[in-house]
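These notes concern the structure reproduced below.
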Amino acid sequence: LAMVPEFLARPLKTPVHLAFSFDEEIGCVGVRPLIAHILEHLPRPKLAIIGEPTSMNVVNAHKSCAAIMTEVVGLEAHSSGPALGVNAVEYAGELLSELARIRDEMIARGDPSGRFEPPYTSVHVGKIEGGTALNIVPRSCTLNWEYRGLPDLQRDEIPSRIESFAETQLHPRMKQDSESCGVHTHVYNYVPGLAPVVDSPAEQLALRLARQNETHTVSYGTEAGLFQEAGIPAIICGPGDIAQAHKPNEFLALGQIEQWTAFMQRLIGEAQA
Numbered sequence: 300l301a302m303v304p305e306f307l308a309r310p311l312k313t314p315v316h317l318a319f320s321f322d323e324e325i326g327c328v329g330v331r332p333l334i335a336h337i338l339e340h341l342p343r344p345k346l347a348i349i350g351e352p353t354s355m356n357v358v359n360a361h362k363s364c365a366a367i368m369t370e371v372v373g374l375e376a377h378s379s380g381p382a383l384g385v386n387a388v389e390y391a392g393e394l395l396s397e398l399a400r401i402r403d404e405m406i407a408r409g410d411p412s413g414r415f416e417p418p419y420t421s422v423h424v425g426k427i428e429g430g431t432a433l434n435i436v437p438r439s440c441t442l443n444w445e446y447r448g449l450p451d452l453q454r455d456e457i458p459s460r461i462e463s464f465a466e467t468q469l470h471p472r473m474k475q476d477s478e479s480c481g482v483h484t485h486v487y488n489y490v491p492g493l494a495p496v497v498d499s500p501a502e503q504l505a506l507r508l509a510r511q512n513e514t515h516t517v518s519y520g521t522e523a524g525l526f527q528e529a530g531i532p533a534i535i536c537g538p539g540d541i542a543q544a545h546k547p548n549e550f551l552a553l554g555q556i557e558q559w560t561a562f563m564q565r566l567i568g569e570a571q572a
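In terms of the working numbering, the numbers along the sequence shown are unbroken and rise by one, the last being 572.
Shown next as structure tokens:
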């Protein structure tokens, strides 16, 4: 924003637009209607530079992220007669074991590009909630889990495997007692990864502006994948280090802001050419 007066004072041949979104941290919520508005009402941008903290490195790839909820529905009964119920917590335990097997498989599959850290698609269970009381066979148990996938991972591969496991291994036993029992998996948020593109105009421009000759990757999600999915070439480059993010006393080093200012000043020169 501090550079806006300088942009306005220059005779730019190529327009430069600043786009602001909201709720990026909870699933890139705000940028989705923003991109839709751009595509419907505005000229298609030549490229997008996403200013996430990269220590001013040019990042051309990041992992996808899927937020997933799996609900296990069982059948309540008194704990003195557990065979009369369907224990949702126990079946959730089997799902946890299957997720662990998938996690280990993803680790073994690794990262063919050799660019990411950690060098594999990660699978993580962040929250489990279930049961009513110690003496009641639990009717429900919910798992909140995620995967952060390498750019070549198919979007539905892991959720589909969990659904298939539930259908073939769990449902035949669960539904013997009641057809109401079952496992339901819902992907409630998905942020696509950013895949590297050969000769991307966004990458070429960012490398010139940052005065660098190599690209990097990150494992956290950004809005760049959504721009790319919409057909807008995207790249990530911005001041600050992700190591200082998501903790008390977040900060940007002054040197990083100076580098970013120089980056923007060079952008003015490119837009005037």
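C-beta atoms are modelled at their ideal positions from N, C-alpha and C, and glycine is treated no differently.
> What's the C-alpha gap between A542 and E397?
Replying inline: Within the sequence shown, residue 542 is the residue found at index 243, counting from 1. Within the sequence shown, residue 397 is the residue found at index 98, counting from 1. Going from the Cα of A542 to the Cα of E397 covers about 32 Å.
> If you scan the segment 411-493 from start to end, which runs of the alpha helix (DSSP H) of 4 or more residues do you find wholly inside it?
Replying inline: The alpha helix (DSSP H) runs of length 4 or more contained entirely in the segment 411-493 are, from start to end of the chain, 456-464, 470-473.
>> Which residue wins for smallest C-alpha separation from M302, given the options K474, Q564, Q571?
In response: Position 3 of the sequence shown, counting from 1, holds the residue named residue 302. Ranked by Cα distance from M302, the first of K474, Q564, Q571 is Q564.
> So I567 packs on F306, CB below 8 Å; how close in whole Å?
Replying inline: What you label residue 567 is simply residue 268 of the sequence shown in a count that begins at 1. What you label residue 306 is simply residue 7 of the sequence shown in a count that begins at 1. Sure, about 6 Å apart at Cβ, within 8 Å.
> Would you call the CB atoms of L504 and I348 closer than 9 Å?
Replying inline: What you label residue 504 is simply residue 205 of the sequence shown in a count that begins at 1. What you label residue 348 is simply residue 49 of the sequence shown in a count that begins at 1. Yes, Cβ-Cβ distance for L504 and I348 is below 9 Å.
> Helix, strand or coil for A365 per DSSP?
Replying inline: Numbered from 1 along the sequence shown, position 66 holds the residue referred to as residue 365. A365 carries a strand assignment under DSSP once its states are collapsed to helix, strand and coil.
> Whole-angstrom Cβ separation of S518 and E416, contact assumed at under 8 Å?
Replying inline: As a working note, residue 518 is residue 219 in the sequence shown. As a working note, residue 416 is residue 117 in the sequence shown. Indeed, because the Cβ distance is near 6 Å, the residues count as touching under 8 Å.
>> In this structure, how does DSSP classify L506 when only helix, strand and coil are distinguished?
In response: Taking the sequence shown and counting its residues from 1, the one referred to as residue 506 is at position 207. In the structure shown, L506 sits in a helix (DSSP, three-state: H, G or I).
> What whole-angstrom Cβ distance do S421 and Y446 have, given they're in contact under 8 Å?
Replying inline: Taking the first residue of the sequence shown as position 1, residue 421 is located at position 122. Taking the first residue of the sequence shown as position 1, residue 446 is located at position 147. Contact flag correct, Cβ pair sits at about 7 Å.
>> Could you check whether C536 and G350 sit closer than 9 Å to each other, using their CB atoms as the reference points?
In response: Your numbering for residue 350 matches position 51 in the sequence shown. Your numbering for residue 536 matches position 237 in the sequence shown. Closer than 9 Å, so yes.
> Alpha carbon to alpha carbon, what distance is there between H377 and G430?
Replying inline: Reading the sequence shown from its first residue, position 131 is the one you call residue 430. Reading the sequence shown from its first residue, position 78 is the one you call residue 377. Roughly 12 Å between the two C-alpha positions.
>> Please tell me whether V486 and A366 are closer than 9 Å, where the distance is taken between their beta carbons.
In response: Here residue 486 refers to the residue found at position 187 when the sequence shown is read from its first residue. Here residue 366 refers to the residue found at position 67 when the sequence shown is read from its first residue. V486 places its beta carbon less than 9 Å from that of A366.
> For the beta strand (DSSP E) that contains V517, what are its first and last residues?
Replying inline: Your numbering for residue 517 matches position 218 in the sequence shown. First-last of the beta strand (DSSP E) with V517: 515-517.
> Hey, how far is the Cα of T467 from the Cα of L300?
Replying inline: Translated into positions along the sequence shown, residue 467 becomes position 168. Translated into positions along the sequence shown, residue 300 becomes position 1. Approximately 56 Å, taken between the alpha carbons.
>> Are the CB atoms of N443 and I461 within a distance shorter than 9 Å?
In response: Walking along the sequence shown from the start, residue 461 turns up at place 162. Walking along the sequence shown from the start, residue 443 turns up at place 144. No, the Cβ-Cβ distance between I461 and N443 is not below 9 Å.
> Mind pulling the beta strand (DSSP E) runs of 3 or more residues that sit fully within the segment 524-549?
Replying inline: The qualifying runs are 533-535.
> Between the C-alpha atoms of Q527 and E557, what's the straight-line distance to the nearest angstrom?
Replying inline: Position 228 of the sequence shown holds residue 527. Position 258 of the sequence shown holds residue 557. When rounded, the distance between both Cα atoms is 28 Å.
> In whole angstroms, what is the alpha-carbon distance linking P314 and A509?
Replying inline: Reading the sequence shown from its first residue, position 15 is the one you call residue 314. Reading the sequence shown from its first residue, position 210 is the one you call residue 509. It is roughly 20 Å from the alpha-carbon of P314 to the alpha-carbon of A509.
> Under the rule that 16 or more other beta-carbon atoms within 10 Å means buried, what is G380, buried or exposed?
Replying inline: Against the sequence shown, residue 380 aligns to sequence position 81. Under this definition G380 is an exposed residue.
>> If you measure between the beta carbons of S354 and P538, is that distance less than 9 Å?
In response: Against the sequence shown, residue 354 aligns to sequence position 55. Against the sequence shown, residue 538 aligns to sequence position 239. Contact: yes.
>> According to DSSP, H377 sits in a beta bridge with which residue or residues?
In response: On the sequence shown, position 78 is the one that residue 377 refers to. DSSP lists I435 as partners of H377.
> For the alpha helix (DSSP H) that contains A399, what are its first and last residues?
Replying inline: The residue you call residue 399 lines up with position 100 of the sequence shown. Where A399 is concerned, the enclosing alpha helix (DSSP H) stretches over 387-408.
> Whose C-alpha, out of L493, Y419, I531, G392, is nearest the C-alpha of I337?
Replying inline: Translated into positions along the sequence shown, residue 337 becomes position 38. Ranked by Cα distance from I337, the first of L493, Y419, I531, G392 is I531.
>> Between which two residues does the beta strand (DSSP E) holding I348 run?
In response: Walking along the sequence shown from the start, residue 348 turns up at place 49. In this chain, the beta strand (DSSP E) harbouring I348 covers 347-349.
>> With DSSP as the reference, identify every bridge partner of A308, one or two as the case may be.
In response: As a working mapping, residue 308 is identified with position 9 in the sequence shown. Bridge partners of A308: none, in fact.
>> Just to confirm before moving on: does the CB-CB distance between H584 and N359 stay below 9 Å?
In response: Residue 584 lies beyond the stretch modelled for the chain, which goes from 300 to 572, so this question has no answer here.
>> By the DSSP assignment, the alpha helix (DSSP H) with H627 in it spans what residues?
In response: The question about residue 627 has no answer, for the chain in this structure spans 300 to 572.
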